[in-house]
Amino acid sequence: MNKLELIATLGEQNDLPKAEAKRIVELFFDRICDALAKGDRVEIRGLCTFKVKSYDSYNGRNPKTGELVHVKPKRLPFFKPGADLKMRVDGSNGRH
21 MNKLELIATL
31 GEQNDLPKAE
41 AKRIVELFFD
51 RICDALAKGD
61 RVEIRGLCTF
71 KVKSYDSYNG
81 RNPKTGELVH
91 VKPKRLPFFK
101 PGADLKMRVD
111 GSNGRH
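Quick note on the working numbering: the sequence shown kicks off at 21 and runs consecutively.
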């Protein structure tokens, strides 16, 4: 499912105009992105947790040339599935 499919499903299942469904989905995603940009953790119980992991700088190698390359420190989003999501994907709770 992509973002457009999510918007369409939300609108259809809740009798919302497409524009309203789009606004809701974009608001939801924007708030998650804003929280992560500030370094906050986002937990959606039963579904997942998003957090930011910080990585120190290090020296790596360019795979094409073998040349040493300095990689700057960075912060990247990290997704951790919740227990309910894991069970649904695995099919172990009878729901698919």
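Glycine included, C-beta positions come from ideal geometry on N, C-alpha and C.
No experiment lies behind these values; they were computed from the predicted model shown.
If you run the structure through DSSP and keep just helix, strand and coil, what is Thr69?
strand
3-residue-minimum beta strand (DSSP E) runs that sit fully inside the segment 79–110, ordered along the chain
88–91 and 94–101
Examine the Cβ distances between the segment 58–75 and the segment 102–111 and report whether three or more of them are shorter than 8 Å.
yes
Tell whether a beta-carbon distance below 8 Å holds between Pro31 and Lys38.
One point to set straight first is that residue 31 is Gly, not Pro, in the sequence displayed. Contact flag set, yes.
Would you say Tyr78 and Val62 are within 8 Å of each other, going by their C-beta atoms?
Going by C-beta atoms, Tyr78 is not nearer than 8 Å to Val62.
Is the beta carbon of Lys58 sitting closer than 8 Å to the one on Phe98?
no
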